[in-house]
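Quick note, the sequences are listed as chains A and B, same order. So the first sequence is numbered by the numbering used here: it starts at 11 and just counts up by one. So the second sequence is numbered by the numbering used here: it starts at 5 and just counts up by one. Glycine residues also receive a C-beta, built at the ideal position from the N, C-alpha and C atoms.
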Amino acid sequence: MTGGVWIGAVALARLMPMHLVLDGAAVIRSCGPTLRRLLGADDPVDRPFSQLFTLRHGPALVGVADLLAGQGRLFVERRGSSDLSFRGIAVPAKDGALINLSFGIGVVEAVQRHALTEADFAPTDLTVELLYLYEAKTAVLEELRALNDRLQGDKVVAEEQALTDPLTGLRNRRALDLALEQPGRNVAVVHLDLDRFKQVNDALGHAAGDHVLAEVGRRLLAASRRDDLVARIGGDEFVLLMPGMDRAEAALARMEAILSALSEPIPWQGMGLSVGASAGMVLSATSPEAPVAVLLARADAALYAAKRAGRGRVRLWSPDLWSVEGQG
Amino acid sequence: MNGLINRSIQCFLRDGWGSGVWDDAARAAGVPPQGFEPLLPYPPEVTDRLLAAAATRLNRDSACLLEDMGTYIVSHPARAAVRRLLRFGGSDFRDFLQSLEDLPARARLALPDLVLPALRLREEAPDDFRLEIGAGRPGLAEVTLGLLRAMADDYGALVTMRLESVSPDGAAILAIRLLDQAHGMGRAFSLGRVE
């Protein structure tokens, strides 16, 4: 053997803290200090390799020839404990073999479990750098997760704000448009506006007007059911979507109750402001062919008819209102 | 990677002096009160404005403030991850000092956007070191001074340190004298996270 080197046991231990030297009968003659530590109470020296270790895909009784086969590349496991496994390489040494082991991908768990320190690894071993990277990656991921949580929270708030009318807390035009994309079955579409809002606003000012709108919003919400959508779509105009309304009588009765609530005077600076409201309603159940835009136009036509018939009332759309629809 | 730095300042002010001081400094610097996201970029001048506002609010000289921030980054329980990552640099304080030259590369491994100036360590005489900080980040020398003091405590080493020179572009030289490597107990560190 030309260019060979002789190396003492102490130097070998420093160079390869996880080595094994086997004799020709595959009995362990030397073991690196880190590997010895991992094996715990079992002193590996003078014991057959097969007593302490198994080769993945290898024979039960491992000989030196098995270790050196296939260029000596090894997957080694501690016998009886699959959570301690190693990558390794075996090279011929005297009539036996020199094996150098390292942790595979399980290195993070192994270091934690066996409380290894930097001194347990050769300075050339990148294990400590790997652990550093693992921790850096974990810290960055935690920050990213926190960032995502905050952004998600902001997004929910922003979406909610984008769909809310700030004055009344009701849904806005955009929310209505979104809801109308999937209106559901048997929905009552109501177009409602206040009868004497303009007078209040003109006589008492915007503060009174805003107060009236906010109170109307509260009364509409109080009268609505969980699946209803109540939107303020501008000025003193409101649209209600009430799902599950397939019968005209029930829908009309609900609207009568709502208009009655809105006809109650609204207290303002010692006065009682009676604004009242009119409403036009159409049931999708009775206009199954009508697209959403037509439903809204029909509710609008019915509202117009309700106003003309003397305010404070609800009018259900019927085909004889077609002529009015053209004006909307 | 200004977000990380700005966020550190934010946490330093909040954890050290309370959210009132943070709110005041943020308002004076024109920064939103909810503060910074550590992984998002911000214009570089924001950092300077924020530091100036904090120094004014606390009526402290900004060099002292930066030094305290360096100590905070390593020693405050809320920033435990930074301290652990730094401890990977070496098994004792001398090792750690020698590993500082690798720090910019280590930082880049963790966060590719985090660019730190070059660091060079010279041992002028036994246990007498000079740490040369490259130009690019004014204020970093003061932060480093506080950070190294806290790391010396962490390792249990007795050390004296001073800023030997600082130039406006941020280039600086720190003088570090290692008096006793194993003066105190230091804090425990294990490679696997079990603390």
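Can you say whether residue i is buried or exposed, counting buried as having 16 or more other CB atoms within 10 angstroms of its CB?
i	result
B/Leu-183	exposed
A/Met-26	buried
A/Val-167	exposed
B/Ile-171	The sequence given here places Ser at residue 171 of chain B; Ile does not occur at that position. Label assigned to B/Ser-171: exposed.
A/Glu-169	exposed
B/Thr-75	buried
B/Pro-42	buried
A/Ile-17	exposed
A/His-216	exposed
A/Gln-337	Here A/Gln-337 scores only 45 on pLDDT, less than 50, and its place in the model is too uncertain to base an answer on.
B/Ala-29	buried
A/Arg-308	buried
B/Asp-157	buried
B/Asn-10	buried
A/Arg-242	buried
B/Ile-77	buried
A/Val-334	Reliability of the predicted coordinates at A/Val-334 is poor, the pLDDT of 47 falling under 50, and the value obtained from them is presented with this limitation in mind. Buried: at least 16 other Cβ atoms inside 10 Å.
B/Met-189	exposed
A/Arg-89	exposed
A/Val-20	exposed
A/Thr-134	exposed
B/Cys-68	exposed
A/His-221	buried
A/His-67	exposed
A/Gly-80	exposed
B/Ala-186	exposed
A/Asp-246	buried
A/Thr-178	buried
B/Arg-166	exposed
B/Glu-146	buried
Name the DSSP beta bridge partners of residue i, please?
i	result
B/Thr-164	B/Arg-181
A/Cys-41	A/Leu-30
A/Ser-95	A/Glu-87
B/Leu-125	B/Leu-135
A/Glu-247	A/Asp-203 and A/Gly-244
A/Trp-327	DSSP lists no partner for A/Trp-327.
A/Val-101	A/Leu-108
A/Phe-113	A/Phe-96
A/Ile-276	A/Leu-283
B/Leu-118	Per DSSP, none; premise fails for B/Leu-118.
A/Gly-290	A/His-201 and A/Arg-325
B/Ala-176	B/Ile-137 and B/Val-170
A/Leu-65	A/Val-86
A/Leu-239	A/Leu-251
A/Leu-58	Reading the sequence as shown, one finds Pro at residue 58 of chain A and not Leu. A/Val-37.
Could you check which residue in the options has the C-alpha nearest to that of residue i?
i	options	result
A/Asn-110	A/Ala-100, A/Lys-104, A/Val-117 and A/Gly-116	A/Ala-100
A/Leu-126	A/Arg-83, A/Arg-46, A/His-221 and A/Leu-71	A/Arg-46
A/Leu-251	A/Asp-187, A/Val-200 and A/Gly-286	A/Val-200
A/Met-291	A/Ser-284, A/Glu-299 and A/Val-304	A/Val-304
A/Leu-108	A/Ala-198, A/Gly-116, A/Gly-98 and A/Ser-91	A/Gly-98
A/Trp-327	A/Val-302, A/Pro-298 and A/Leu-293	A/Leu-293
B/Ala-33	B/Trp-21, B/Ile-13, B/Leu-43 and B/Leu-44	B/Ile-13
A/Ala-129	A/Thr-44, A/Ala-224 and A/Glu-145	A/Thr-44
B/Pro-130	B/Ile-180, B/Ala-139 and B/Leu-167	B/Ile-180
B/Gly-94	B/Ile-77, B/Asp-106 and B/Glu-127	B/Asp-106
A/Gln-279	A/Trp-16, A/Leu-214, A/Gly-106 and A/Pro-58	A/Leu-214
A/Val-37	A/Leu-71, A/Ala-19, A/Ala-233 and A/Gly-50	A/Leu-71
A/Tyr-144	B/Asp-27, B/Arg-197, B/Thr-51 and B/Trp-26	B/Arg-197
B/Arg-134	B/Gly-143, B/Trp-26, B/Ala-156 and B/Gln-102	B/Gln-102
A/Leu-32	A/Ala-51, A/Ala-309, A/Gly-14 and A/Leu-78	A/Leu-78
B/Ala-109	A/Leu-161, A/Gly-179, A/Ala-146 and A/Glu-87	A/Ala-146
A/Pro-54	A/Thr-64, A/Leu-65, A/Leu-140 and A/Cys-41	A/Cys-41
A/Gly-282	A/Ala-289, A/Ser-288 and A/Ser-273	A/Ser-273
A/Gly-114	A/Ala-224, A/Arg-184 and A/Glu-87	A/Glu-87
A/Ala-218	A/Ser-284, A/Gly-194 and A/Arg-39	A/Ser-284
B/Gly-22	B/Leu-62, B/Val-50 and B/Pro-47	B/Leu-62
B/Ser-169	B/Ala-161, B/Ile-137 and B/Tyr-159	B/Ile-137
B/Pro-81	B/Gly-7, B/Ala-154, B/Ala-161 and B/Asn-6	B/Ala-154
A/Ala-295	A/Leu-141, A/Arg-257 and A/Val-138	A/Arg-257
(request) May I ask you to list, following chain order, the residues of the stretch 75-108 of chain B that have a beta carbon less than 7 Å from some beta carbon of chain A? (result) Ala-85, Arg-88, Leu-89, Phe-92 and Ser-95
(request) Write down every uninterrupted run of the beta strand (DSSP E) in the stretch 140-182 of chain A whose length is 3 residues or greater and which is fully enclosed by it, in chain order. (result) Taking only runs of at least 3 residues, no beta strand (DSSP E) segment lies wholly in the stretch 140-182 of chain A.
(message) What are the residues in the stretch 180-193 of chain B lying within 9 Å of chain A by C-beta distance?
(response) Phe-193
(message) To be precise: take each residue of the stretch 138-164 of chain A, compare its Cβ to all Cβ atoms of chain B, and keep it if any distance is under 7 Å. Which residues remain?
(response) Val-138, Leu-141, Tyr-142, Leu-143, Glu-145, Ala-146, Ala-149, Val-150, Glu-153, Leu-154 and Leu-157
(request) Would you list, in sequence order, the uninterrupted alpha helix (DSSP H) runs of no fewer than 4 residues that lie entirely inside the stretch 24-99 of chain B? (result) 48-62, 66-79 and 84-91, all fully within the stretch 24-99 of chain B.
(message) Tell me which residues of the stretch 39-72 of chain B have at least one Cβ-Cβ distance to chain A shorter than 9 Å, keeping chain order.
(response) From the stretch 39-72 of chain B, only Glu-41, Pro-42, Leu-43 and Leu-44 have a Cβ closer than 9 Å to chain A.
(request) Could you list the residues in the stretch 108-123 of chain B with a C-beta less than 8 Å from some C-beta on chain A, going in chain order? (result) Of all residues in the stretch 108-123 of chain B, only Arg-110, Leu-113, Ala-114 and Leu-115 come within less than 8 Å of chain A when Cβ atoms are compared, listed by chain position.
(request) Check distances from the C-beta atoms of the stretch 117-129 of chain A to those of chain B and list, in chain order, the residues that come in under 9 Å. (result) Val-118, Glu-119, Ala-120, Val-121, Gln-122, Arg-123, His-124, Ala-125, Leu-126, Thr-127, Glu-128 and Ala-129
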